[in-house]
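Q: Residue numbers (mature numbering (1 follows the signal peptide of the UniProt record, and there is no 0)): -16 to -1, 1 to 185.
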Amino acid sequence: MLILTLCVLLTVQVCPEENWLPNRKEEPRPVSYFSQRTRSLNAGYATDGDPAINDEVYRIFMLTILDGFNIFKIKMYNDRSFIYLTRRNYWLGDRYYYMDNYYYLATRDTCAYRMNETERQHLFYEEDNMPIFDIIYQCQRYQEYCCGLNCCKIDQIGRHDEPPKPPKYPWQDPWRHNSASSSSSSLTLIAILLISIFNSA
Ligand SMILES: *[C@@H]1O[C@H](CO)[C@@H](O)[C@H](O)[C@H]1NC(C)=O
């Protein structure tokens, strides 16, 4: 009887916990996933970089793109600016940059930096008054990655994106060399074994 009561108590105690378990397993996604502002439009690696550099590039970009006037409407051909601090081109908005045949290079990786509400509050397209969300710029493919409003060197995170080059000549291939020598040595071993077997017989 005592054992039965114990069992009932145990199941009563265990059951609610089991009901709670599935809820506990659902952990919230990391906040950084939602709040990261920098992304690669080529599905590459990206970080938000140095906030001080981002703020400074944004400040200079606004000075040059607005050219001292309160022009908050972005037209097709006034959306790009070269900034000496980082020595690269920036486009305001993602609507026209890829039509900029002279400065936009398809061989580079393209990055997008999402402005916050304060940063984009006065920025609209002239065409249809749609708000502008991103600042676009480019980084060297295989050498740099998107890093706030700048590019960072790939070495810094230890990535090696370039696939290993195939050997120029077959005899430079260590795998081929090893397999050839090992097969010849095993043939020699078999030959020695056969000879010794015949000798003993
Ligand atoms: C937007 O970013 C700027 C610069 O980093 C910051 O000063 C400002 O407080 C931010 N605004 C909002 C609404 O987060």
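Note that beta-carbon positions come from the ideal geometry of N, C-alpha and C, so glycine has one too.
Can you have a look at Arg8 and say buried or exposed, based on whether 16 or more other CB atoms are within 10 angstroms of its CB?
A: Taking the sequence shown and counting its residues from 1, one reaches residue 8 at position 24. Low confidence applies here, because Arg8 scores a pLDDT of 46, under 50, leaving its location unreliable and the question unanswered by this model.
Q: Is Asn100 near ligand 1 - that is, is its Cβ less than 7 Å away from at least one heavy atom of it?
A: As a position in the sequence shown, residue 100 is number 116, starting the count at 1. Answer for Asn100: yes, Cβ within range of ligand 1.
Q: Going along the chain, which residues of its own chain have a beta-carbon closer than 8 Å to the beta-carbon of Gln127, five neighbours each way excluded?
A: Here residue 127 refers to the residue found at position 143 of the sequence shown. So the list reads Lys137, Ile138, once near-sequence residues are dropped.
Q: Is it buried or exposed for Leu133, if we count other Cβ within 10 angstroms and need 16 for buried?
A: Within the sequence shown, the letter at position 149 stands for residue 133. Leu133 comes out buried.
Q: For Pro35, is the beta carbon positioned less than 7 Å from some heavy atom of ligand 1?
A: For this step, residue 35 is matched to residue 51 along the sequence shown. For ligand 1, at least one heavy atom lies less than 7 Å from the Cβ of Pro35.
Q: Please tell me whether, using a cut-off of 7 Å, the distance from the CB of Glu111 to the nearest non-hydrogen atom of ligand 2 is below it.
A: This structure simply doesn't include ligand 2; it includes ligand 1 instead.
Q: One question on the structure: do Cys130 and Ala36 come within less than 8 Å of each other, judged by their Cβ atoms?
A: Walking along the sequence shown from the start, residue 130 turns up at place 146. Walking along the sequence shown from the start, residue 36 turns up at place 52. It is not a contact, given that the beta carbons lie outside the stated cut-off.
Q: Which word fits Ala96, buried or exposed, when buried means at least 16 other C-beta atoms lie within 10 angstroms of its C-beta?
A: Numbered from its first residue, the sequence shown carries residue 96 at position 112. The residue in question, Ala96, is buried, as its Cβ has 16 or more Cβ neighbours within 10 Å.
Q: Got a sec, what are the start and stop residues for the alpha helix (DSSP H) Leu47 sits in?
A: Your numbering for residue 47 matches position 63 in the sequence shown. Segment 35 to 50, the alpha helix (DSSP H) holding Leu47.
Q: For the candidate residues Leu69, Trp75, Thr70, whose alpha-carbon lies nearest to that of Leu50?
A: Within the sequence shown, numbered from 1, the residue matching residue 50 stands at position 66. Among Leu69, Trp75, Thr70, the Cα nearest to that of Leu50 belongs to Trp75.
Q: Among Asp84, Asn113, Arg21, Ala27, whose alpha-carbon lies nearest the alpha-carbon of Gly33?
A: As a working note, residue 33 is residue 49 in the sequence shown. Ranking Asp84, Asn113, Arg21, Ala27 by Cα distance to Gly33 puts Arg21 first.
Q: Ignore the nearest five residues each way along the sequence and tell me which others in Tyr82's own chain have a CB closer than 6 Å to its CB.
A: As a working mapping, residue 82 is identified with position 98 in the sequence shown. Answer for Tyr82: Tyr88, listed in chain order.
Q: Compute the Euclidean distance between the alpha carbons of Tyr61 and Leu25, then round it to the nearest angstrom.
A: On the sequence shown, residue 61 is found 77 positions in, with the first residue counted as 1. On the sequence shown, residue 25 is found 41 positions in, with the first residue counted as 1. Each residue's Cα considered, the two are about 22 Å apart.
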